[in-house]
Structure formats: C-alpha cells, structure tokens
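Down below is the structure, laid out as structure tokens.
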Ligand SMILES: Nc1nc2c(c(=O)[nH]1)N[C@H]1C(S)=C(S)[C@@H](COP(=O)(O)O)O[C@H]1N2
Ligand SMILES: [Mo]
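Numbering (mature numbering (1 follows the signal peptide of the UniProt record, and there is no 0)), first residue to last: -24 to -1, 1 to 154.
Rendered as structure tokens:
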C-alpha cells in the first residue's frame, strides 16, 4: 500500500462505490482458466504464448499486495512474470505516423470477459508501466485455478485489485484513430 492511507485512496477514487459491487466469478471457474496469452491488434507479429514460452523473455520478480476495494489486503506474494512492455516489443507495435503511439490503448481481456486498459504512454513512459507484469508464478508455484495459469498485474497502482486480471487471455493493441 506504500504508506498511502486507504481513506485517502477512497477520497481520490470517484469510482470506488461502483467497484464495491464488482466480483470475480467463484463458481465453475475451470472454464476461465487460460493457458495461452494472445497478443494481437496493431502489432507486426501476433504472439500466442504458453507459460513455457513466457519463460524465454527477461524475467521480473516482484513482491506485490493484491489490495481490494474494501481495504483488505487479500494477498501478499512474490509474483514472477514478464513485463508487458517486453512482450509488446517482441510483437512490435506498428505505426505509420510519429504520433500514432500517443493514441494507442492496450486492452487486457480475461476469459470471463473482465477488461482493463492501459495507454501506450502509461506503459512505455511512466513508472506505472514498469510495474505491469504478465505473471505465471506465485511464490514459486504455478498460478492456481482462481487466477490462472496466466494473469496480469499493475503493481504500482494505488489499489492493485482492479487491474489484477485473472485468467488473462488477450492483450490487444488498439489505435483510436487514423
Ligand atoms: N478475470 C477477472 N479478474 C478480476 C476480476 C474479475 O471479475 N475477473 N475482478 C477484479 C477485482 S474488481 C478485484 S478487487 C480483484 C480481486 O477480486 P476477488 O475479490 O474476486 O478475488 O480481482 C480483479 N480481477
Ligand atoms: Mo474490486
């Protein structure tokens, strides 16, 4: 939580009341477990990566709290994975004009339909971006059925729950206009 009081976080998060009622499914979750990550959209090479292939990229290991809207720190674990920017560089975001990347968003989608967005500049040009990992191990073990096998986390967010994408399925690069 990096020394920031939860009361403060609630005061700056206008959507916190809406988030209060968000729940990830807990029943029949077998159908949501992802074993492959698809990187698609405005990239030169679509990538379809199994966990074993994720291990070939530069690895990142971080101690991360998964903090939820109610302030409860539900998990504090050592996650292993690959920075999202590494994978996007491997896929090669394609551009025609100098300013194209500035209007690109990166949409992460889970098998249950959960979605979160990042901007290209957020990922490649802020400290938050350095904390965005595609993860596949927690405390040295594969991710359990409630999370994976592949997930995404934005470890430098104030609350890490919202952009903790369980059952990560797809990363799509979208340019908003041409
Ligand atoms: N795939 C998926 N990931 C998800 C969600 C979800 O509904 N689906 N909910 C998010 C939210 S809002 C939070 S707070 C955290 C923790 O959710 P949990 O309380 O269901 O474990 O997971 C996040 N990741
Ligand atoms: Mo949440």
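In this text, a Cβ means the ideal position worked out from N, Cα and C, and glycines have one as well.
* Asked: residue 16 bridges to which residues according to DSSP?
  -> On the chain shown, position 40 is the one that residue 16 refers to. Beta-bridge pairing links residue 16 to 148.
* For residue 84 versus residue 147, is the C-beta spacing smaller than 8 Å? -> As a position in the chain shown, residue 84 is number 108, starting the count at 1. As a position in the chain shown, residue 147 is number 171, starting the count at 1. Yes.
* Asked: Of all the options 131, 149, 150, 127, which has the alpha carbon lying nearest to the alpha carbon of residue 141?
  -> Looking up residue 141 in the chain shown gives position 165. Ranking 131, 149, 150, 127 by Cα distance to residue 141 puts 127 first.
* How about residue 89: is its Cβ closer than 7 Å to a heavy atom in ligand 2? -> Counting from 1 along the chain shown, the entry for residue 89 is found at position 113. No, the beta carbon of residue 89 sits no closer than 7 Å to any heavy atom of ligand 2.
* Asked: Is it the case that the Cβ atoms of residue 131 and residue 107 are separated by a distance below 8 Å?
  -> Counting from 1 along the chain shown, the entry for residue 131 is found at position 155. Counting from 1 along the chain shown, the entry for residue 107 is found at position 131. Yes. Within cutoff.
* Between the region 47 to 58 and the region 113 to 123, do at least 3 Cβ pairs fall closer than 8 Å? -> yes
* Cα-Cα separation between residue 79 and residue 64, rounded to whole angstroms -> Within the chain shown, the letter at position 103 stands for residue 79. Within the chain shown, the letter at position 88 stands for residue 64. Going from the Cα of residue 79 to the Cα of residue 64 covers about 16 Å.
* Which residues in the same chain as residue 1 place their Cβ atom closer than 8 Å to its Cβ, once the five residues preceding and following it in sequence are excluded? -> Position 25 of the chain shown holds residue 1. Only 8, 88 meet the Cβ criterion.
* Asked: Which runs of the beta strand (DSSP E), 3 residues or longer, sit entirely within the region 47 to 74?
  -> 49 to 59
* Please look up how many angstroms separate the CB atoms of residue 136 and residue -2, rounded, as I've assumed it's under 8 Å. => Your numbering for residue 136 matches position 160 in the chain shown. Your numbering for residue -2 matches position 23 in the chain shown. Going by Cβ atoms, the distance from residue 136 to residue -2 rounds to 17 Å, so no, they are not a contact pair.
* **Cut-off 6 Å between Cβ atoms - residues of its own chain near residue 123, not counting five sequence neighbours on either side** => As a working mapping, residue 123 is identified with position 147 in the chain shown. Same-chain partners within the cutoff: 142.
* Asked: Under the rule that 16 or more other beta-carbon atoms within 10 Å means buried, what is residue 103, buried or exposed?
  -> For the purposes of this step, residue 103 is taken as residue 127 along the chain shown, with counting starting at 1. Exposed, since its Cβ has fewer than 16 Cβ neighbours within 10 Å.
* Three-state secondary structure (DSSP) of residue 119 -> Here residue 119 is taken as the residue at index 143 of the chain shown, counted from 1. Three-state result, residue 119: coil.
* Close Cβ partners of residue 43 (< 7 Å) along its chain, the five nearest in sequence each way excluded -> In the chain shown, the residue the question calls residue 43 occupies position 67. Answer for residue 43: -24, 49, 135, 136, 137, listed in chain order.
* Would you kindly work out how many angstroms separate the C-alpha atoms of residue 152 and residue 62, rounded to a whole number? => Against the chain shown, residue 152 aligns to sequence position 176. Against the chain shown, residue 62 aligns to sequence position 86. Rounded to the nearest angstrom, the two C-alpha atoms are 22 Å apart.
* Classify residue 129 as buried or exposed, calling it buried when 16 or more other Cβ atoms lie within 10 Å of its own Cβ. => Taking the first residue of the chain shown as position 1, residue 129 is located at position 153. Answer is buried; the Cβ neighbour count reaches 16.
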